């Protein structure tokens, strides 16, 4: 199993609107690609020097091949369509390979 993780720092002024948009628009669009079996959004318990609130959104997939297919076929399209908060956040992506699961 692989997890595509997007860590995002968002300003407190737009946090509630952004969370609603993530829940109603962005996460459903990611799941609609059929490349991910589920999504999990968490708040990172950290005080950022730059301010804002940090979230981690994780998308679970069955294999590296499926994840690579998402990057080739879907990622650009999703990013082009979903520009509502562009420029109002800082984010970075990581790919996680699950080694042990209980």
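Residue numbers (our numbering): 10 to 111. We put the beta carbon where it would ideally sit given N, CA and C, even for glycine. All values reported here derive from a predicted model rather than from experimental measurement.
Do you know whose CA, among the options, lies nearest residue i's CA?
{"i": "residue 19", "options": "79, 103, 97", "result": "97"}
{"i": "residue 48", "options": "99, 11, 101", "result": "11"}
{"i": "residue 31", "options": "60, 65, 59", "result": "65"}
{"i": "residue 60", "options": "95, 21, 35", "result": "21"}
{"i": "residue 34", "options": "108, 94, 109, 107", "result": "94"}
{"i": "residue 78", "options": "29, 16, 55, 42", "result": "42"}
Looking only at its chain, what residues have a beta carbon closer than 6 Å to the beta carbon of residue i, apart from the 5 residues adjacent to it on each side?
{"i": "residue 103", "result": "14"}
{"i": "residue 99", "result": "18"}
Note down, in chain order, each residue of its chain lying with its Cβ closer than 7 Å to the Cβ of residue i, except the 5 sequence neighbours on either side.
{"i": "residue 45", "result": "39, 68, 69, 70"}
{"i": "residue 105", "result": "11, 12, 14"}
{"i": "residue 72", "result": "11"}
Span of the beta strand (DSSP E) holding residue i?
{"i": "residue 106", "result": "98 to 106"}
With residue i as the anchor, note down where its alpha helix (DSSP H) starts and where it stops.
{"i": "residue 87", "result": "84 to 90"}
With a threshold of 8 Å on Cβ separation, who are the neighbours of residue i within its own chain once the five nearest residues in sequence on each side are excluded?
{"i": "residue 57", "result": "18, 63"}
Inter-stretch contact at 8 Å, needing at least 3 Cβ pairs: the stretch 22 to 32 / the stretch 76 to 85 | No: fewer than three Cβ pairs fall under 8 Å.
With a floor of 3 residues, list each beta strand (DSSP E) that falls wholly inside the stretch 19 to 61, ordered by position along the chain.
-> Correct list: 47 to 52.
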